[in-house]
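Here is the structure we will look at.
Numbering (full-length UniProt numbering), first residue to last: 1 to 313.
See the structure below:
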């Protein structure tokens, strides 16, 4: 089948996301009217090994907290990954669009993320790219469900080996990754800790404009709860995040341990954290600026894809 024939029964609605090597489109299946997401990768922009990983992972992963892959098309020039469309968008944008954030709400988000990680880790898979853009929120009448996506950097690992390859973004990367050391599933837990810290106060735990000072702070675990935003946060929450941001991976809390932590099993006042939400706005603005820069890099890919779609119509 050619790429043109593949799109006979699919209508491309709009672009909803882009990275340095791919673009995601909201699409509609013409026969059923069902909305889906299409991730389009031109082979010149990405190594085929990543595509093979995504194919493998689509076969072994099945969890309500992981975005499901239903089909993968490939020809000489292009790879198209058909995925579940998640209506609520990514985590930070969803939280800000709600106009409110509370400790109870963040605890629920943490629970969903950890359930997704448990599904991955139980299959011997490390995500390696946990960041706000790769945590999506699906909204329905039953409520919101948080889902992990983007498995391109995920790796399988057995109990007798570890990885040492650099992955993820520096802001969410664990110390052992930045130091070039071997690492295991503990790196995903660290990344979740960074995200939860940011949600709770609207600021990243490790803030530096230059990479080297950032690496030093991350490697030594230099962050603080001594900020006004943390004054209304429970000790259980602080302990939970502190154990996730443990510099020594051997001492870092595991996913199974985290799921049993009092912060996820207890009840806390549903108090709006207004200062955290205001701070989060600036974090989101910075992310959107980076997205614009990333979109410019994929402009040529978008033009190629548009020409392809015109030929299929």
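Virtual Cβ for every residue (Gly too), placed ideally from N, Cα, C.
- Annotation: residue 261 to residue 204 spans about 23 Å, alpha carbon to alpha carbon.
- Of the residues 17, 96, 180, 35, the one whose Cα lies closest to the Cα of residue 285 is 96.
- The continuous beta strand (DSSP E) containing residue 144 extends over residues 143-148.
- Distance from the Cα of residue 121 is smallest, within the candidate group 138, 283, 256, for 256.
- Per DSSP, the unbroken alpha helix (DSSP H) holding residue 256 starts and ends at 255-259.
- Here the segment 104-115 makes contact with the segment 189-202; the two share three or more CB pairs at distances below 8 Å.
- In this structure, residue 101 keeps its C-beta atom at 8 Å or more from the C-beta atom of residue 250.
- In this structure, DSSP gives residue 182 a state outside helix and strand, which the three-state scheme calls coil.
- Straight through space, the alpha carbons of residue 132 and residue 98 are spaced by roughly 16 Å.
- Where residue 107 is concerned, there is no enclosing beta strand (DSSP E), although the alpha helix (DSSP H) around it starts and stops at 103-122.
- Put simply, of 83, 125, 113 the residue whose alpha carbon is nearest the alpha carbon of residue 91 is 113.
- If you look at residue 216, you'll find it in the alpha helix (DSSP H) that goes 211-220.
- Rounded to whole angstroms, the gap between the alpha carbons of residue 43 and residue 25 is 17 Å.
- Here residue 73 is bridged, per DSSP, to 80.
- Using a Cβ distance threshold of 8 Å, residue 234 and residue 268 count as a contacting pair.
- By alpha-carbon distance to residue 259, the top candidate from 208, 70, 192 is 192.
- A straight line joining the alpha-carbon of residue 265 with that of residue 134 spans about 25 Å.
- A check of alpha carbon separations from residue 29 across 247, 171, 70, 240 identifies 70 as the nearest.
- Membership of residue 95 in the alpha helix (DSSP H) is indicated by the continuous run 91-98.
- Comparing alpha-carbon positions, the option among 238, 244, 222 lying closest to residue 229 turns out to be 238.
- Put simply, the backbone Cα of residue 209 is about 11 Å away from that of residue 215.
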